[in-house]
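Below: one structure, written as structure tokens.
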Amino acid sequence: MLDARQLEALAAVVEHRGFGPAAQALSLTLAAVSLRIKALEDTLGQRLLVRGKQVRATPAGQALLGHVKQVRMMEADLLSGLQGTEARSGVRWQSLSVAINADSVASWFLPGVAPVLQRHRLLLEILIDDQDHTHDALKSGDVIGCVTTLAEPMRGCVAEPLGVMRYRCVAAPAVAQRCRTPAGAVSPHKLLSHPAIIFNRKDALQDAFLAQHFGLKQPNYPRHFAPAVEAFETAIELGLGWGMVPEQHLAGRPGLQEVLPDATVDVGLYWQHWARESISAQRLTGAVKAAARQHLRPMPLANPA
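By the numbering used here, the letter at position 285 of the sequence shown is numbered 297, and the numbering carries on one by one without gaps.
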């Protein structure tokens, strides 16, 4: 049997990023927190924390943190049911952590889950990351679910297909025109003479576009980095360069023009979440899947064997 006080001490150190802040949050001495974690490590026979300037969990520690979060949510659901608090206006708020790519958050995720959050008094802590990397946060136990491109379920998780987010290569009209030859064709040489606007250094959509439609592998071209959706799209509208924008974001933005019409990059998205979910997490999963059905393109059918 795992000791609940030792597990809470471990969670507090990671969540508050240090032994001192954890001790303060738990109203314990620094020595008491250290002893509880040492006892837990001795019981399990392995290190759970990497101590240093920044404390972080080892893989074993991450697995335990995921367990702690699951227990917390299940206990909250149980108490809510036992006390009948679902029908009371004074029901406590419950927090859920998720990892989402920035393009999905505003375009379909938040509009889709907002009614469920309000109805059941759920709080979201959203970790923003590239869709190819959000699953790292689920693997580490930091979140209970993620929107990801990873189709293979991770250990202890379920991967449910959501749909396809389609991206188009756009630029300000003047920049798009300068990328074309006198005959009107898009010249990759002219395109790559202009900077690309890229969300962050994990963003590989521009390279995917160049490989898919021009056969270019790892081309060298100038790049601006703008890690915020509004700033990213504004930079393109200002003529600073070209970039890949979800088609959902293009409505009502005449300052963005397709560089190569109908040359798209499709990104298949999945909702990965724990296989054992609390009632609150199940509600969120249902809302995510419903929102995706409404806003994303259908996932293509797999080719028959």
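Ideal placement from N, C-alpha and C gives every residue a C-beta, glycine not left out. All of these numbers come straight from a predicted model, not from anything done at the bench.
Going by C-alpha positions, Cys181 is about 46 Å away from Pro33. The DSSP-derived three-state label of His236 is strand.
Taking each of Thr161, Gln36, Ala220, Leu61 in turn and checking the Cα distance to Ala75, the smallest one comes out for Leu61. By the Cβ test, the segment 257-268 is not in contact with the segment 157-167, since fewer than three Cβ pairs between them sit closer than 8 Å. Within the segment 110-165, the complete beta strand (DSSP E) segments of 3 residues or longer fall at 134-140, 157-160, listed in chain order. Inclusion of Asp144 and Ile112 in the CB contact set at 9 Å is not warranted, their separation being larger than that value.
DSSP places Gln284 in no alpha helix (DSSP H) but in the uninterrupted beta strand (DSSP E) bounded by 276-286.
Secondary structure note for Ala195: it is in no beta strand (DSSP E), with a DSSP letter that is neither H nor E. Taken through DSSP and simplified to helix, strand or coil, Met256 comes out as strand.
At the C-beta level, Pro173 and Leu296 stay beyond 9 Å of one another. In the three-state reduction of the DSSP assignment, Ala34 falls in the helix class, which pools H, G and I.
Taking the Cα positions, Gly227 is about 40 Å away from Glu137. In the three-state reduction of the DSSP assignment, Ala171 falls in the strand class, which pools E and B. Taking the Cα positions, Ala24 is about 11 Å away from Arg68.
If only complete runs of 4 or more residues are kept, the segment 29-81 shows the alpha helix (DSSP H) at 31-38, 42-56, in order along the chain.
In the three-state DSSP reduction, Ser292 falls in the helix class (H, G or I). If you look at Ala208, you'll find it in the beta strand (DSSP E) that goes 208-210.
Residue pairing for Ser205: DSSP places it in no beta bridge.
Taking a 10 Å sphere around the C-beta of Gly253, we find 16 or more other C-beta atoms and assign the residue as buried. DSSP lists no beta-bridge partner residue for Glu242. For the pair Val176 and Val83, the CB atoms are not nearer than the 9 Å cut-off. Assignment of Gln224 by DSSP, reduced to helix, strand and coil, places it in the helix class. With a 10 Å radius around the Cβ and a threshold of 16 neighbouring Cβ atoms, Thr146 comes out buried. The beta-carbon separation of Val300 and Val117, rounded to 12 Å, does not stay under the 8 Å limit for a contact.
For Gln18, the enclosing alpha helix (DSSP H) has its first and last residue at 16-27. Taking C-beta atoms as the reference points, Leu268 and Ile248 count as a pair closer than 9 Å. In the assembly as shown, Gln284 is a buried residue. Its beta-carbon has 16 or more other beta-carbons within 10 Å.
Contact between Asn212 and Pro231 fails: their C-beta atoms lie close to 19 Å from each other, not under 8 Å. The beta carbon of Met86 is closer than 6 Å to those of Ser290 in its chain, skipping five residues each way along the sequence. Across the structure, Ala88 and Ala293 are spaced so that their CA atoms are roughly 11 Å apart.
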